[in-house]
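**Q** Sequential numbering from 204 applies to the sequence shown in the working numbering.
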Amino acid sequence: AFYAARVAAVGEPWISFFVPDELAKALGDLGFDDIEDLDNGDIAARFARSPSTKSNSGGHILRARRSV
Numbered sequence: 204a205f206y207a208a209r210v211a212a213v214g215e216p217w218i219s220f221f222v223p224d225e226l227a228k229a230l231g232d233l234g235f236d237d238i239e240d241l242d243n244g245d246i247a248a249r250f251a252r253s254p255s256t257k258s259n260s261g262g263h264i265l266r267a268r269r270s271v
């Protein structure tokens, strides 16, 4: 809600919001069997070589694929 209000204040629409665990479950229900969710600390650790910090704020990268 904080981010939605913040972007609305500058005239940008808030298109969507996802709860990572719920999105991963929905993808699993659709047959995706390899799901990886990186939070902002994991993203920093992997791509910026910064120490991982556990935080639930900020962006996520969610990768999903189906085995054939």
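Think of the CB as a built atom: it goes at the ideal place given N, C-alpha and C, for glycine as much as any other residue.
Can you tell me whether Ile-238 is helix, strand or coil according to DSSP?
**A** Strand.
**Q** Buried or exposed, going by whether 16 or more other CB atoms sit within 10 Å of the CB of Leu-230?
**A** Buried, because 16 or more other Cβ atoms sit within 10 Å of the Cβ of Leu-230.
**Q** I want to know whether the segment 259-270 touches the segment 222-242 - three or more CB-CB distances under 8 Å.
**A** Yes: the two stretches touch, three or more of their Cβ pairs being nearer than 8 Å.
**Q** According to DSSP, is Arg-269 helix, strand or coil?
**A** Coil, per DSSP.
**Q** Ile-264 bridges to which residues according to DSSP?
**A** According to DSSP, which records beta bridges pairwise, Ile-264 is partnered with Leu-241.
**Q** In whole angstroms, what separates the C-alpha of Asp-240 from that of Lys-228?
**A** Answer to the nearest angstrom: the Cα atoms are 11 Å apart.
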